[in-house]
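Just below is one structure, and these are the notes that go with it.
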Ligand SMILES: Cc1cc2nc3c(=O)[nH]c(=O)nc-3n(C[C@H](O)[C@H](O)[C@H](O)COP(=O)(O)O)c2cc1C
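Numbering (our numbering), first residue to last: 1 to 185.
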């Protein structure tokens with residue numbers, strides 16, 4: 001028997017990302033886990049309008065999305081606890097710049113995407129930025145022999161809201177578009 005928990009957004013776990021911005025020429029970092037894929041070439045990041053980071057995104061129409069690895073958890077959690085409006089978070093991560101202004105990229109992050117903002121699906125409380133990756137910088141050591149990202153090497157951090165916890169990614173348990181073949185037999 002299922003118990004109905006009512007209107008609950010239960011789509012977890014989601015990956016933890018650090019979104020990099022620049023506000024009045026100062027770098028700022030925010031922890032964002034309410035993210036998604038839109039089509040095959042865009043992403044959505046859902047950001048409460050109270051956050052300081054939103055100002056930079058609106059100023060520059062750019063941002064970075066950095067996938068963190070497990071070793072970065074403490075810094076990642078910290079930038080999700082304090083606001084750049086009160087604390088200078090610039091030095092929490094060492095960073096480099098790519099092609100776009102306003103999209104600082106984290107040196108230690110295994111995957112960094114510099115993105116252009118193409119739309120904002122604004123709701124009463126949230127800016128839901130639709131972004132397009134322009135360049136994706138990936139550490140060599142997380143690429144496989146085919147040049148694809150190996151997520152077992154990335155060790156991304158997952159997040160779930162109901163119990164306020166971080167989780168790690170588990171084992172590879174199957175091949176996509178292959179396992180279903182067994183059903184046909
Ligand atoms: C694990 C985690 C995930 C978070 N995900 C989001 C999110 O998806 N959207 C959001 O608006 N805030 C999210 N936050 C809250 C912001 O990261 C936090 O309020 C931050 O301090 C705001 O920084 P800023 O004011 O410098 O922009 C999250 C925080 C944590 C710790």
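By construction, the Cβ of each residue, glycine as well, lies at the ideal position given by its N, Cα and C atoms.
Anticipated Cβ contact below 8 Å, residue i with residue j, distance rounded
i: residue 100; j: residue 90; result: Not really, about 17 Å apart at Cβ, beyond 8 Å.
i: residue 129; j: residue 29; result: So it is not a contact: roughly 16 Å between Cβ atoms.
i: residue 31; j: residue 76; result: 6 Å
Contacts around residue i, its chain only, beta-carbon distance under 7 Å, and the 5 residues preceding and following it disregarded
i: residue 154; result: 67, 69, 110, 111 and 142
i: residue 161; result: 12
i: residue 60; result: 22, 101 and 102
i: residue 144; result: 150
i: residue 73; result: 157 and 166
i: residue 56; result: 21, 22, 23, 28 and 102
Residues of its chain near residue i, where Cβ-Cβ distance is below 6 Å and the 5 sequence neighbours each way are ignored
i: residue 47; result: 54 and 127
i: residue 119; result: 130
i: residue 184; result: none
i: residue 83; result: 52
i: residue 136; result: 113
Sequence-distant residues of the same chain with beta carbon closer than 8 Å to residue i, five excluded per side
i: residue 88; result: 26
i: residue 15; result: 33, 35, 67, 156, 157, 158 and 159
i: residue 85; result: 52
i: residue 116; result: 61, 62, 100, 131, 132 and 134
Residues bridged to residue i (per DSSP)
i: residue 123; result: Note: residue 123 sits in no beta bridge, so no partner.
i: residue 36; result: 44
i: residue 158; result: 15 and 167
i: residue 93; result: In the DSSP output, where bridge partners are listed per residue, residue 93 has none listed.
i: residue 175; result: Beta-bridge pairing links residue 175 to no other residue.
i: residue 113; result: 65 and 136
Short CB-CB distance (under 8 Å) between residue i and chain B
i: residue 100; result: Chain labels in this structure do not include chain B; a single protein chain is all it has.
Identity of the residue in the options nearest residue i by Cα
i: residue 37; options: 102, 65, 76 and 106; result: 65
i: residue 9; options: 34, 15, 108 and 21; result: 34
i: residue 151; options: 159, 172 and 18; result: 172
i: residue 63; options: 19, 76 and 185; result: 19
i: residue 121; options: 43, 4, 24 and 6; result: 43
i: residue 138; options: 41, 163, 50 and 105; result: 105
i: residue 45; options: 17, 163, 148 and 78; result: 17
Contact test: residue i Cβ vs ligand 1 heavy atom, cutoff 7 Å
i: residue 52; result: yes
i: residue 91; result: no
i: residue 138; result: no
i: residue 96; result: no
i: residue 80; result: yes
i: residue 77; result: yes
i: residue 1; result: no
i: residue 117; result: no
i: residue 103; result: no
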